[in-house]
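Reviewing the structure listed below.
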Amino acid sequence: MTNMYKIFLVSLFILMVSWVYGQERTVSGTVTDQNGESLPGVTIREVTTTNGVITDIDGKYILTVSSADAVLGFSFIGFASQEIVVGDRTTIDVSLSEAVGELEEVVVIGYGTQKKKVVTGAIESVSSDEISSTPIVRVDQALQGRAAGVNLTNSSGQPGEQPNIIIRGIGTNGNAQPLFLVDGIAVQSIDNLNPADIESMEVLKDASSTAIYGTRAANGIVLITTKKGQRGGVNVTYSGYKGIQSVSKKVDMLNAQQYQTLMAEAGVLNLAREPFDPNEIPANDTDWQEELFTNNAPIESHSISISGGSEKSTFLSSVSYFNQEGIIGGDKSKFERYTARLNTQSEVNAWLSWGNNFNFSNVKTRGVNSNGSFNGAYNSALNMDPLTAVFENDPSVLTDPTDDYAGNPVVTDSRGNVYAISNNIGQEIVNPLARLEILNFRFNKDQFVGNVYAKVEPIEGLSFKSDFGMDLSYLKFDDYTDLYFLSSTTNNLNNTNLSKQFIRSLTLQVENTVSYTRKIDDHNFNVLLGTSAVKNDSELLSGFGEGVTVTNPDLRYLSLAIDSLERTSGAAWQNRLSSVFTRLMYDYKEKYSATLTYRKDGSSQFGPNNRYGNFMSFGASWFISDEAFFPQWDEITFVKLRGGWGVNGNDKISPFAYVSTIDFDINYSFGGGATRGAIPTNIQNENIQWEESQQLNFGLDAGLFSNRLTATFDYYNKTTKKLLLVPSSIPASAGLNPSFNNVGEVENKGVEMSLEWRDRKGDFNYSIGVNAAYNKNTMTQIDGEGSFLTGSSWALAGEVTRTFQGNPIYTFFGYKTDGIFQSQADVFSHISSDGTPIQPSAQPGDIRFVDVNGDGRITADDRTIIGSPNPDWVVGSTINVGYKNFDLSILLNGLLGQDIFNGINRPDLPASNKQSWILDRWTESNPSTTVPRFVANDVNGNYTRPTDLVNIKDGSFIRMKNIQIGYNFPGSVLERFKCTSWRLYISAENLFTFTSYDGPDPEVGARVFDGNPVLSDRGIDRGIYPQARTFRIGTSITF
1 MTNMYKIFLV SLFILMVSWV YGQERTVSGT VTDQNGESLP GVTIREVTTT
51 NGVITDIDGK YILTVSSADA VLGFSFIGFA SQEIVVGDRT TIDVSLSEAV
101 GELEEVVVIG YGTQKKKVVT GAIESVSSDE ISSTPIVRVD QALQGRAAGV
151 NLTNSSGQPG EQPNIIIRGI GTNGNAQPLF LVDGIAVQSI DNLNPADIES
201 MEVLKDASST AIYGTRAANG IVLITTKKGQ RGGVNVTYSG YKGIQSVSKK
251 VDMLNAQQYQ TLMAEAGVLN LAREPFDPNE IPANDTDWQE ELFTNNAPIE
301 SHSISISGGS EKSTFLSSVS YFNQEGIIGG DKSKFERYTA RLNTQSEVNA
351 WLSWGNNFNF SNVKTRGVNS NGSFNGAYNS ALNMDPLTAV FENDPSVLTD
401 PTDDYAGNPV VTDSRGNVYA ISNNIGQEIV NPLARLEILN FRFNKDQFVG
451 NVYAKVEPIE GLSFKSDFGM DLSYLKFDDY TDLYFLSSTT NNLNNTNLSK
501 QFIRSLTLQV ENTVSYTRKI DDHNFNVLLG TSAVKNDSEL LSGFGEGVTV
551 TNPDLRYLSL AIDSLERTSG AAWQNRLSSV FTRLMYDYKE KYSATLTYRK
601 DGSSQFGPNN RYGNFMSFGA SWFISDEAFF PQWDEITFVK LRGGWGVNGN
651 DKISPFAYVS TIDFDINYSF GGGATRGAIP TNIQNENIQW EESQQLNFGL
701 DAGLFSNRLT ATFDYYNKTT KKLLLVPSSI PASAGLNPSF NNVGEVENKG
751 VEMSLEWRDR KGDFNYSIGV NAAYNKNTMT QIDGEGSFLT GSSWALAGEV
801 TRTFQGNPIY TFFGYKTDGI FQSQADVFSH ISSDGTPIQP SAQPGDIRFV
851 DVNGDGRITA DDRTIIGSPN PDWVVGSTIN VGYKNFDLSI LLNGLLGQDI
901 FNGINRPDLP ASNKQSWILD RWTESNPSTT VPRFVANDVN GNYTRPTDLV
951 NIKDGSFIRM KNIQIGYNFP GSVLERFKCT SWRLYISAEN LFTFTSYDGP
1001 DPEVGARVFD GNPVLSDRGI DRGIYPQART FRIGTSITF
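Taking full-length UniProt numbering, the leading residue of the sequence shown gets 1, the next gets one more, and so forth.
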């Protein structure tokens, strides 16, 4: 941590402590039910703090609170919660009554809060307790497995890597990530947040709840609320853990003997001996995965918070440190984060209050290519031949004096050992440890996110609020590569390379709202009016140079590069958003509720012809179980019906995409010499506008058996029109790149369900929750008949994902198969309509391809849909058990019905190593198999073409994401150590994964480019960086 941070934090803590006055006191008592029976296991917590205890077997408790102003909250499964001000009492006995349910809870909505009982939209909530029960790196990972309708897929297991988050299906061809707001401030990333600072997360899923955010809301909204201080004395809380990580699964690859036998049989390698002896033990048998993976890679987190306040002012300040090294590359694949937070609230007088939420952060990352066919470290480990040793005993054999790269140094480890070079395989497949050794990529981000607000309440029910927010970040990328000799054919570097990039981004947000709440008899009204203005300005400066020889990363500058080999460039972009909005919320006796929302946005993202848009929604709910005609069954506690419709927008495209741009870096021949010129690069289109999402939602909430069982069901139909696509119909002869047009349409239909059972038996309490979501995605329109969207590629085999009209967005694209030829007669019987063999060059053991277009040949025109990365079901489950002072929590998550494109093997390199299933390949003695024969000259394309037989795998899985066992120390221990709460726990992450997928990890998200997941890349496994199995031990203690 820099000196600036240290000075700031020390000054901050001294200032906060000086604000607090009041004295601690000890409170004790007994908690019973309405019949006077003692209740063990009741949670007693000082409100807005982590200070708390649980009652013992006799229902008794002892708790030291911060002051007489402290408020105690009493909560227990199946009972209504209570809050009591301590005052001057030292004994507080409480009787809890049966709960009506969670309907009295308050949830965060856009620009306010609302009682859950009258909510009309589809909202998922994740509390701070749920977040703390699963140690996470990024705040958004808390949504996985907990929120129905939210498909969070990790893009890889690399530390700190951004996950893919899809809410209710993909509704765009661009950035499908939801809008994140932290304490009301829209942010571009949330890797800067300390999970221990988070009070709650709400996911707004339907248009009724999201339309208040207009043109940015089509992909859903995630509202993040950070913790605030409380009245009373000082509370100091430390929470932290340390752990180790290791790979949870290795891919079953061929060993050296199996490899050389296969290659000799296929005629791939010249093994220089006649005849070949398959029983001969090779000199080397390298398990490259074992060599690559780092065992016991460290992970640690530490957080300290200080909170407190007086009758008029409260504060919470915190600092944290997090560090995670990767299971591939160790500290060359790491994520490190420092944060400092200050949240304050102050009442100036009876009608004026103000506050702030400030978060400072520094994020440092180093990384490897986490899912690449050409320079991925893990891909190299999976494809590298096992006959090659890790190190070369005689380095002189590695270089040829006549070679162009003879002067380059060989790659060595820190002890001077020379990494070996394979004689069997080349191109990009090199010694994976040597590849890691030459990596020197660094990323640094300093970020401040915060807001200051003032609130005026001149009369009861009326409030004016002004909020000023800022998101300021400085990003630095640094990549240096020294000279090296890595391969006898390619991948060598003749000069040092240094790349640097600096980005400054500033977002300012000003919002003013007026809210009026009024109750007239049994009628409740709330009216909200507001304005919002957001501006973003970003600048980029980048440079590249060769010939820099300084090895100290802090002293490497582009000015040290060779002048003729130095290049610099820069860019700037900006966008503006101006909005007005209003909302009316009404309910009658909390039985009938309605919400009307309207927002008008003006966005600089679009041309002058379509800059402004109108977005509106309507939602209603009916507490039908309160009606006289509803059956009065003891088993049914409540039933509530919900429904809503609305329109949202999506403006996530590059700024100024509607204008024609000029490329000034063009060279052409003129007058016998080279001349620099400029050309237009794309077609201007000032008519583009935001994508428009219309969504219809129907929901049901129910409580049964005194709310021990709660259930939620939702059905939705979401249609996104005016999809921003680049038409494929413009010919290349036009000489210009086509611009975006609003020509597409996509539909998502689905159902969501959540069930939770909660109960207690004496000292034993438990809850079991399950959630599941089904979604059907269809691209209903692209750009005319026969149009398609081009997707991502697999090595040199070309495109393997594509979007067709009438099918899901980005399905797998390749060749359909119809088994394996068993004989030459079988080959000749596979004929076209005119009797001509369709695959005349095929041999027994080759794949029989389907002639999709019926032209009698197998060509690229026969490629079609062969699978889909879109899961049918996204599922999750939580299990929580408490017995006396012990607690257990389990989190499961899974994807069912998804396919994975297994692209681990390099199709253009026959000598690359293979997965062990190839041992079951077709031979004359093994004809009953689904694995085709393997030969060097693969004329039929058994392994070089993307097929449903070889590449498409069932990717369904259920994963035990986390299991945690904790112990809360009893009051006698707390009193001895002068603390108010103390918990120890151990946890395991990714302990078990139940799947039939034979690759490294069935959770294959899209790679992230420039902060956005590339949708066409979902489900393509090129040797993905797998998620680690992690064991942690941690504690949380409050004084």
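Using N, Cα and C, we set each Cβ at its ideal position, and we do this for glycine too.
Does the distance from the C-beta atom of residue i to that of residue j stay below 7 Å?
i	j	result
Ala1028	Ile459	no
Gly602	Tyr658	no
Ala678	Ile688	no
Ser373	Arg921	no
Ser1016	Thr801	yes
Phe293	Val247	yes
Thr120	Ser621	yes
Asn167	Pro178	Per the sequence shown, residue 167 should be read as Ile rather than Asn. Contact flag set, yes.
Lys476	Phe502	yes
Pro1000	Pro1026	yes
Ala711	Val875	no
Glu745	Lys721	yes
Ser466	Asn494	no
Name the two residues that bound the continuous alpha helix (DSSP H) containing residue i.
i	result
Val973	971 to 976
Trp622	It is not in any alpha helix (DSSP H) - Trp622 instead sits in the beta strand (DSSP E) that spans 612 to 622.
Ala825	824 to 828
Leu436	432 to 437
Trp288	288 to 292
Gln260	256 to 266
Under 7 Å Cβ to Cβ from residue i, same chain only, skipping five residues before and after it: list those, please.
i	result
Ile847	Thr817, Ile820, Pro932, Asn940, Asn942, Thr947, Leu949
Ala211	Ala217, Thr597, Arg599, Phe615, Met616, Ser617, Gly646, Val647, Asn648
Ala561	Leu498, Gly545, Glu546, Gly547, Val548
Val268	Pro910, Ala911, Ala936
Lys228	Thr48, Thr314, Leu316, Asn343, Gln345
Val510	Phe468, Ala533
Leu963	This sequence places Ile at residue 963; Leu is not what is there. Cβ neighbours of Ile963 beyond the five flanking positions: Ile890, Ser987, Ala988, Leu991.
Ser18	The pLDDT assigned to Ser18 is 44, lower than 50, so where the model puts this residue is not dependable, and the model offers no usable value.
Starting from residue i and walking both ways along the beta strand (DSSP E), at which residues does that stretch end?
i	result
Pro298	297 to 309
Trp794	Premise fails: Trp794 is in no beta strand (DSSP E) and is neither H nor E.
Tyr586	567 to 588
Glu83	79 to 85
Val71	71 to 76
Can you list, in chain order, the residues of its chain whose CB lies under 6 Å from that of residue i, leaving out five sequence neighbours each side?
i	result
Thr26	Thr64
Glu300	Lys242, Asn323
Asn1012	Asn175
residue 1043	The question about residue 1043 has no answer here: the residues shown for the chain are numbered 1 through 1039.
Ile1037	Tyr238, Cys979, Trp982
When burial is assigned at 16 or more other CB atoms within 10 Å of the CB, is residue i buried or exposed?
i	result
Gly22	Since pLDDT at Gly22 reaches only 42, below the 50 mark, its modelled position is unreliable, and no value is offered.
Tyr557	exposed
Asn777	buried
Asp554	exposed
Asn296	exposed
Thr675	exposed
Leu796	exposed
Pro927	exposed
Ile666	exposed
Only counting the same chain, and skipping five residues up and downstream in sequence, which positions put a Cβ closer than 8 Å to that of residue i?
i	result
Lys961	Thr134, Gln144, Gly145, Leu891, Leu892, Asn893, Glu989, Asn990
Strictly under 7 Å for the Cβ-Cβ distance: is residue i near chain B by that measure?
i	result
Asp93	No chain B appears in the structure shown, which is made up of a single protein chain.
Is residue i a contact residue of the ligand ADP, with contact defined as CB to any heavy atom under 6 Å?
i	result
Ser706	Summarising the ligand content, the structure contains no ligands, and the ligand ADP is consequently not present.
Uninterrupted beta strand (DSSP E) stretches inside the segment 361 to 392 (no shorter than 3 residues): Runs found: none.
List, from N- to C-terminal side, the beta strand (DSSP E) runs of 3 residues or more that fit wholly inside the UniProt domain "TonB-dependent receptor plug" (116 to 221). Those beta strand (DSSP E) runs which fall completely within the UniProt domain "TonB-dependent receptor plug" (116 to 221) and span 3+ residues are 123 to 127, 150 to 153, 164 to 167, 179 to 182, 185 to 187, 198 to 204.
Restricting to runs no shorter than 3 residues, where is the beta strand (DSSP E) found entirely within the segment 927 to 993? You should have 952 to 954, 957 to 968.
Mind pulling the beta strand (DSSP E) runs of 3 or more residues that sit fully within the segment 496 to 525? Entirely contained in the segment 496 to 525, the beta strand (DSSP E) runs reaching 3 residues are, in chain order, 497 to 520.
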